[in-house]
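First up is the structure itself, then whatever we jot down about it.
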Amino acid sequence: MSEVDQNQAGDTRRDFLKKTSLAAALSLTPITILKAADQKVDERFAELFEKIPLNLKVNNKPYNLKVEPRVTLLDLLREQLHLTGTKKGCDHGQCGACTVHVDGERINSCLSLAVMNEGKSITTIEGLANGNELHPMQAAFIKHDGFQCGYCTPGQIMSAVACVREGHANSRDEIREYMSGNICRCGAYPNIVDAIQEVKEKGGKV
Amino acid sequence: MIHQSKSHESAIGHVTGKAVYTDEQRPPVGMLSLYPVMAPHAHARIKTIDLSGAEEIDGYVTVITASDIPGINNTGVILADEILLPTEEISYWGQAVLWVVGETDIAAQRAAEQVKVEYEPLTAILSIADAIAADRFHGQPTQISRGAVETALAQSDHRLTGALEIQGQDHFYLETHTSWVIPDGEGHFQVYSSTQHPTETQAIVARVLGIAKNQVVVTCLRMGGGFGGKETQANPFAAVAAIAAYKTGQPVRVKLKREQDMILTGKRHAFLGQYEVGFTVEGQITALAVKLYADGGWSLDLSPPVLLRAMVHVDNAYYIPHLTVQGWIAKTHKVSNTAFRGFGGPQGMVVIEEVIDRVARALQLPPEEVRERNFYRGSGERNTTHYGQEIVDNRLDRIWQELLDRSNFSQRRSEIAQFNHTNVDKKRGLAITPVKFGISFNKVQYNQAGAFVLIYTDGSIQLNHGGTEMGQGLHTKMLQVAAKSLGVSLQRFRMMPTSTDKVPNTSATAASSGSDLNGQAVKDACEALKARLKPIAARLLELPEDTTLEFAEDWIYYTEDNARDNKRKITFEAVVQKAYDDRISLSATGYYRTPTIFWNPETGKGNPFYYFAYGAAVSEVEVDGLTGMFKLRQVDIVHDVGESLNPLIDRGQIEGGFVQGMGWLTMEELVWDDRGSLKTHAPSTYKIPTIREVPENFNVHLLQRAAQEGVIYGSKAVGEPPLMLAISVREAIREAIAAFGHHPARVALASPATPEKILTAIEQITAEVEIVS
Ligand code: FES
Ligand code: FES
Numbered sequence: 000m001s002e003v004d005q006n007q008a009g010d011t012r013r014d015f016l017k018k019t020s021l022a023a024a025l026s027l028t029p030i031t032i033l034k035a036a037d038q039k040v041d042e043r044f045a046e047l048f049e050k051i052p053l054n055l056k057v058n059n060k061p062y063n064l065k066v067e068p069r070v071t072l073l074d075l076l077r078e079q080l081h082l083t084g085t086k087k088g089c090d091h092g093q094c095g096a097c098t099v100h101v102d103g104e105r106i107n108s109c110l111s112l113a114v115m116n117e118g119k120s121i122t123t124i125e126g127l128a129n130g131n132e133l134h135p136m137q138a139a140f141i142k143h144d145g146f147q148c149g150y151c152t153p154g155q156i157m158s159a160v161a162c163v164r165e166g167h168a169n170s171r172d173e174i175r176e177y178m179s180g181n182i183c184r185c186g187a188y189p190n191i192v193d194a195i196q197e198v199k200e201k202g203g204k205v
Numbered sequence: 000m001i002h003q004s005k006s007h008e009s010a011i012g013h014v015t016g017k018a019v020y021t022d023e024q025r026p027p028v029g030m031l032s033l034y035p036v037m038a039p040h041a042h043a044r045i046k047t048i049d050l051s052g053a054e055e056i057d058g059y060v061t062v063i064t065a066s067d068i069p070g071i072n073n074t075g076v077i078l079a080d081e082i083l084l085p086t087e088e089i090s091y092w093g094q095a096v097l098w099v100v101g102e103t104d105i106a107a108q109r110a111a112e113q114v115k116v117e118y119e120p121l122t123a124i125l126s127i128a129d130a131i132a133a134d135r136f137h138g139q140p141t142q143i144s145r146g147a148v149e150t151a152l153a154q155s156d157h158r159l160t161g162a163l164e165i166q167g168q169d170h171f172y173l174e175t176h177t178s179w180v181i182p183d184g185e186g187h188f189q190v191y192s193s194t195q196h197p198t199e200t201q202a203i204v205a206r207v208l209g210i211a212k213n214q215v216v217v218t219c220l221r222m223g224g225g226f227g228g229k230e231t232q233a234n235p236f237a238a239v240a241a242i243a244a245y246k247t248g249q250p251v252r253v254k255l256k257r258e259q260d261m262i263l264t265g266k267r268h269a270f271l272g273q274y275e276v277g278f279t280v281e282g283q284i285t286a287l288a289v290k291l292y293a294d295g296g297w298s299l300d301l302s303p304p305v306l307l308r309a310m311v312h313v314d315n316a317y318y319i320p321h322l323t324v325q326g327w328i329a330k331t332h333k334v335s336n337t338a339f340r341g342f343g344g345p346q347g348m349v350v351i352e353e354v355i356d357r358v359a360r361a362l363q364l365p366p367e368e369v370r371e372r373n374f375y376r377g378s379g380e381r382n383t384t385h386y387g388q389e390i391v392d393n394r395l396d397r398i399w400q401e402l403l404d405r406s407n408f409s410q411r412r413s414e415i416a417q418f419n420h421t422n423v424d425k426k427r428g429l430a431i432t433p434v435k436f437g438i439s440f441n442k443v444q445y446n447q448a449g450a451f452v453l454i455y456t457d458g459s460i461q462l463n464h465g466g467t468e469m470g471q472g473l474h475t476k477m478l479q480v481a482a483k484s485l486g487v488s489l490q491r492f493r494m495m496p497t498s499t500d501k502v503p504n505t506s507a508t509a510a511s512s513g514s515d516l517n518g519q520a521v522k523d524a525c526e527a528l529k530a531r532l533k534p535i536a537a538r539l540l541e542l543p544e545d546t547t548l549e550f551a552e553d554w555i556y557y558t559e560d561n562a563r564d565n566k567r568k569i570t571f572e573a574v575v576q577k578a579y580d581d582r583i584s585l586s587a588t589g590y591y592r593t594p595t596i597f598w599n600p601e602t603g604k605g606n607p608f609y610y611f612a613y614g615a616a617v618s619e620v621e622v623d624g625l626t627g628m629f630k631l632r633q634v635d636i637v638h639d640v641g642e643s644l645n646p647l648i649d650r651g652q653i654e655g656g657f658v659q660g661m662g663w664l665t666m667e668e669l670v671w672d673d674r675g676s677l678k679t680h681a682p683s684t685y686k687i688p689t690i691r692e693v694p695e696n697f698n699v700h701l702l703q704r705a706a707q708e709g710v711i712y713g714s715k716a717v718g719e720p721p722l723m724l725a726i727s728v729r730e731a732i733r734e735a736i737a738a739f740g741h742h743p744a745r746v747a748l749a750s751p752a753t754p755e756k757i758l759t760a761i762e763q764i765t766a767e768v769e770i771v772s
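Structure (structure tokens):
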């Protein structure tokens, strides 16, 4: 397993060059890069398997990491940082289980390469509560039984918090519209809407 | 705390992301990963395998092929017909030819992509129709029969024949299949698996390794959904990981990608139903002959009991005096189809509801009247199923009436007629359908369960039972049962992961039976412990040992004292500590087996079910005649869960089951191409219901005063029955389609009723109208 490199290893020139040659690759999707890399279509892609430095904050904790450019933010969180609260339901941006906040915006972390998040601040489900005090959305999900197996729940909650913050929780219909990217196979949907609506109506800080 | 809404025992873990699933444990040092090499043919012979490319990949460790299997290369559960790693023949598109072991996931994947396999393609059987034409079946046909169907059909006022294809369904549990196997170097294997049946996974791992079961421990922490898809389907992945762990001596992990999971694992069986029905002018069904063909796929898996459950649910709620149902399992070159919530029951019910609708439209009667007219009722033969079980405690009429009232059915029916009269492009439909679902495993041996309760000297307790948690709330209910039985608070308990070294020889957590069976076993263990603690408490209270005492609220009370405040009492902890001091055992096992059930497979008769679960649903839809899209406007449900152990959880099961059933019947379409390759293997192409498809008006009512005798605290099973309530959506869509025509004598509707299929149905009936006019 890869280890978190907490040492502040200064960027070498080679690293720097790699990072710049990466710029073109970053406009591609992770899947395209994976494919290209696997098939050795282009030698330049081979370089992408060498680790490059990455600085970011996760749940307010700064990390200085070395990651392979093709690693997604989701895999970085789960495999390297052992923050397994963020789930992998499809790895293709189609289920919402991997939703996290990047600088306050919700994204599917399986669609974002880790290295695209240089200097950014990530919040995952593990960083939502204030110590032992649950975030109001977490408390509302418990109160309204907004889950069964719990596997979609972290993504639902991260999405729900963003949905309220974006101002897209003004009616039940709007909630349903803006939460439709988060699949729940257990079908806890009615309770999820209840939970979000309650948080919105209470009007406290989310 | 029993019969109360108590949130899920892992609620905090789920909302904070701290609940640990199989793939989220702290990885052990040196853990390797597996990746499959999948065959691009549905049926083929393997000619050569070339590993040279893989061996050059950084992080490649080894491969696992049939020759690495120290034991038996077979994971079949009913029949040994399921080769784990093929040596010669590929039996379905995507089948794993071998697995590559890598230091990381990525290394294993990259190496797997370099493995070159040469195949010789063979002709593939890819549908039920192909299998019938080729006479290719698993085993012999089976039959259940009552009365003299041929004669009764001949004598009936009217007769109709028809056929219906029902498609399968992918489970799409959000957590894909995962197994971790950790060898200890002494020949023992610790398996962590997302399995609904740890005991069977243990047996299969032991079988492929060629070792005794006691050398293998299988633990299921919890699952991110199961729905039947992790009953047998977990076994091959655990088995491959175990072989890799055996070969390398290192811990090994397999975690399927979504598309692999969808391509490699079995699904709900597709069915073909053919029927001939005889009925009176009033719409009373007098005779029914049904042929059911289930698509079993390449191996047998659980197909026989799935087919059997379809055959014993082809009556649903209706008394049919002369009924013959015959069943076949088609052998195709597709994934081996398996358990899925309802286990064949839903397919059987869709067929009979189709038949009822045919009868109603042929006679121009409202379908709900024909349904009600044919209900089982009364006593004796009129209230007895075609397999000879009398329906004791029949609640159909009661639920039906209550739901008609609650949903305001008749008024809404006329409002909808009005709406349809004035709207050309959009039509609404309203339908009510019943569910009667038999509870118990058809396999009699499975109707037993065990539990193991350990009290520690500080008064804290560990609870073990044989059931697995997949979101259905079983662990929560078991904690409620234990807390009630021991008279202590829930905070005392730690629910332990399901593990074969705690409770051995368990049954699958399936057939909706989890709480019924394990609940009784938990209670049995707790009662045993109470019986040991009672005399000690009596002595501490200076009462005779046989005094009646009450265990409640963490105290043990002398019941004879009047006012509770003045009652003599002692704390649970004090009694536990004293028990230890007096050298009394503080751990106990519990056991339960369901009484009074039996089944004779030779005659197709028996009492296979301990009881029946009932429910009914009303759905209202609006169909857009231009796009074929429908909107589910309102759902009303009355469902019988007995005296609910936990209304919050039971409601969740009803809503979730309904939504899943609606997905199956209206949007989830599995598409294979003509080479047998699954084209719908991602959420982008395989559409399951999202939050948008769930109706805003979704009213679930639990039947009151409904205690079920002989079941744990008067409750009833709830996991599967609600799925079939969604048949009301299909029938409501049919009503709406009919409104586009002029009282059509038949509305043929495919399953799933996708927009495309709805348009086809509308075209058909409007075409018919034109011919008539
Ligand atoms: S895992 Fe990212 S959207 Fe499904
Ligand atoms: S709670 Fe199971 S998928 Fe949503």
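Protein chains in written order, with numbering that gives the first Met the number 0: chain W, 0 to 205; chain G, 0 to 772. Glycine residues also receive a C-beta, built at the ideal position from the N, C-alpha and C atoms.
Quick check on Met494(G): does DSSP put it in helix, strand or coil?
On the second sequence, residue 494(G) is found 495 positions in, with the first residue counted as 1. In the structure shown, Met494(G) sits in a strand (DSSP, three-state: E or B).
Tell me where the beta strand (DSSP E) around Arg284(G) begins and ends.
As a working mapping, residue 284(G) is identified with position 285 in the second sequence. Note that residue 284(G) is Ile in the sequence shown here, rather than Arg. 284–296 is the extent of the beta strand (DSSP E) around Ile284(G).
Using CA coordinates, which residue listed in Phe374(G), Val349(G), Leu299(G), Ala338(G) is at the minimum distance from Pro320(G)?
What you label residue 320(G) is simply residue 321 of the second sequence in a count that begins at 1. Residue Phe374(G) is the option with its Cα nearest to Pro320(G).
In whole angstroms, give me the CA-to-CA distance for Leu548(G) and Arg704(G).
For the purposes of this step, residue 548(G) is taken as residue 549 along the second sequence, with counting starting at 1. For the purposes of this step, residue 704(G) is taken as residue 705 along the second sequence, with counting starting at 1. Taking the straight line from one Cα to the other gives about 29 Å.
If you measure from the beta carbon of Thr689(G) to each beta carbon in chain W, is any gap under 8 Å?
For the purposes of this step, residue 689(G) is taken as residue 690 along the second sequence, with counting starting at 1. Chain W contact via Cβ: present.
For a contact defined as C-beta to C-beta under 7 Å, what are the partners of Thr83(W) on chain A?
Chain labels in this structure do not include chain A; the protein chains are W and G.
Is Leu473(G) near ligand 2, judged by its Cβ being under 7 Å from some heavy atom?
Here residue 473(G) corresponds to residue number 474 of the second sequence, with the count starting at 1. Checking every heavy atom of ligand 2 against the Cβ of Leu473(G), none is found closer than 7 Å.
DSSP state of Ile569(G), grouped into three classes?
Reading the second sequence from its first residue, position 570 is the one you call residue 569(G). Here Ile569(G) sits in strand by DSSP.
Where are the beta strand (DSSP E) runs, 3 residues long or more, that stay fully inside the segment 160–240 of chain G, in chain order?
Runs of the beta strand (DSSP E) inside the segment 160–240 of chain G: 177–182, 188–192, 215–219.
Kindly list, in the order they appear in chain W, the residues whose Cβ is closer than 7 Å to that of Leu191(G).
Sequence index remark: in the second sequence, residue 191(G) carries index 192 (1-based). Just to set this straight, residue 191(G) is Tyr in the shown sequence, not Leu. Those within 7 Å of Tyr191(G) in chain W number zero; the least Cβ separation is about 14 Å.
Consult DSSP for Tyr177(W) and reduce its assignment to one of helix, strand or coil.
Looking up residue 177(W) in the first sequence gives position 178. It is helical.
Excluding the five sequence neighbours on either side, which residues of its own chain have a C-beta within less than 6 Å of the C-beta of Phe139(W), listed in chain order?
The residue labelled residue 139(W) in the question sits at position 140 within the first sequence. According to the sequence as given, residue 139(W) is Ala; it is not Phe. Cβ neighbours of Ala139(W) beyond the five flanking positions: Ala194, Glu197, Val198.
Near ligand 3, which residues have their beta-carbon closer than 6 Å to a heavy atom?
As for ligand 3, it is missing from this structure, which binds only ligand 1 and ligand 2.
Closer than 7 Å by C-beta to Ala22(W): which residues in its own chain qualify, once you throw out the five before and the five after it? Chain order, please.
Numbered from 1 along the first sequence, position 23 holds the residue referred to as residue 22(W). Since pLDDT at Ala22(W) reaches only 44, below the 50 mark, its modelled position is unreliable, and no value is offered.
So Met178(W) contacts chain G; which residues on that side make the cut at Cβ distance below 7 Å?
Taking the first residue of the first sequence as 1, we reach residue 178(W) at position 179. By Cβ distance, chain G contributes Ile690.
Tell me whether Cys148(W) counts as near ligand 2, meaning its Cβ is closer than 7 Å to at least one heavy atom of that ligand.
By one-based count along the first sequence, residue 148(W) stands at place 149. Result yes, Cβ under 7 Å from ligand 2.
Considering only heavy atoms of ligand 2, does any lie closer than 7 Å to the CB of Thr152(W)?
Numbered from its first residue, the first sequence carries residue 152(W) at position 153. Within the cutoff, so yes.
Quick check on the DSSP output: the alpha helix (DSSP H) that includes Ser111(W) runs from which residue to which?
By one-based count along the first sequence, residue 111(W) stands at place 112. Looking at the DSSP string, Ser111(W) is not in any alpha helix (DSSP H), and its letter there is neither H nor E.
Closer than 7 Å to a non-hydrogen atom of ligand 2 - does that hold for the CB of Ala187(W)?
Position 188 of the first sequence, counted from the start, is the residue given in the question as residue 187(W). Under cutoff, so the answer is yes.
May I ask whether a heavy atom of ligand 2 can be found less than 7 Å away from the beta carbon of Cys525(G)?
Against the second sequence, residue 525(G) aligns to sequence position 526. No.
Answer yes or no: the CB of Gly605(G) versus the heavy atoms of ligand 2, is any distance below 7 Å?
Indexing the second sequence from 1 puts residue 605(G) at position 606. Not so, every heavy atom of ligand 2 lies at least 7 Å from the Cβ.
Going along the chain, which unbroken runs of the beta strand (DSSP E) with 3 or more residues stay wholly within the segment 511–565 of chain G?
Counting whole runs of 3 or more residues, the segment 511–565 of chain G contains the beta strand (DSSP E) stretches 548–551, 554–557.
When you compare only the Cα positions, how much space is there between Gln201(G) and Lys212(G)?
For the purposes of this step, residue 201(G) is identified with residue 202 of the second sequence, where counting begins at 1. For the purposes of this step, residue 212(G) is identified with residue 213 of the second sequence, where counting begins at 1. Gln201(G) and Lys212(G): Cα-Cα distance of roughly 6 Å.
May I ask you to report which of helix, strand or coil DSSP gives Thr323(G)?
As a first step, residue 323(G) is located in the second sequence; it is residue number 324 there, counting from the start. The answer is strand: DSSP assigns Thr323(G) an E or B state.
Can you name the residues of chain G whose CB is closer than 9 Å to the CB of Leu133(W)?
Position 134 of the first sequence, counting from 1, holds the residue named residue 133(W). Under the 9 Å cutoff, chain G gives Ile11, Val14, Thr15.
Within the 8 Å Cβ cut-off, does Ser683(G) reach chain W?
Residue mapping note: residue 683(G) aligns to position 684 of the second sequence, counting from 1. It does: the Cβ of Ser683(G) has a partner Cβ on chain W nearer than 8 Å.
Run through DSSP, which three-state label would Trp399(G) get?
Residue 399(G) sits at position 400 when you count from the first residue of the second sequence. Of the three classes helix, strand and coil, the one that applies to Trp399(G) here is helix, per DSSP.
Does DSSP classify Leu97(G) as helix, strand or coil?
Counting from one through the second sequence, the residue named residue 97(G) turns up at place 98. Leu97(G) falls in the strand class under three-state DSSP.
Mapping DSSP to helix, strand and coil, what is Glu132(W)?
Position 133 of the first sequence, counting from 1, holds the residue named residue 132(W). Looking at Glu132(W) - three-state DSSP - the assignment turns out to be strand.
At a Cβ threshold of 8 Å, is Ser6(G) touching chain W?
For this step, residue 6(G) is matched to residue 7 along the second sequence. Yes, because at least one Cβ of chain W sits closer than 8 Å to the Cβ of Ser6(G).
Based on Cα-Cα distance, which residue from Arg491(G), Thr689(G), Lys333(G), Phe436(G) lies nearest to Ile89(G)?
As a position in the second sequence, residue 89(G) is number 90, starting the count at 1. Minimum Cα distance to Ile89(G) is reached at Lys333(G).
Tell me which residue opens and which closes the alpha helix (DSSP H) that His312(G) is part of.
Locating residue 312(G) in the second sequence gives position 313, where the first residue counts as 1. Taken as a continuous stretch (DSSP letters only), His312(G) belongs to no alpha helix (DSSP H), as it is neither H nor E.
In or out: Met628(G) buried (at least 16 other Cβ within 10 Å) or exposed?
Along the second sequence, one-based indexing puts residue 628(G) at 629. It is exposed - the Cβ of Met628(G) has fewer than 16 other Cβ atoms within 10 Å.
Flag Gln471(G) as yes if its beta-carbon sits less than 8 Å from any beta-carbon of chain W, otherwise no.
Translated into positions along the second sequence, residue 471(G) becomes position 472. So, interface residue.
So that I know if they touch, is there some Cβ in chain W lying closer than 8 Å to that of Gln659(G)?
The residue labelled residue 659(G) in the question sits at position 660 within the second sequence. Cβ-Cβ to chain W under 8 Å: yes for Gln659(G).
Taking the straight line between their C-alpha atoms, what separation do you get for Val358(G) and Leu287(G)?
For the purposes of this step, residue 358(G) is identified with residue 359 of the second sequence, where counting begins at 1. For the purposes of this step, residue 287(G) is identified with residue 288 of the second sequence, where counting begins at 1. Roughly 12 Å between the two C-alpha positions.
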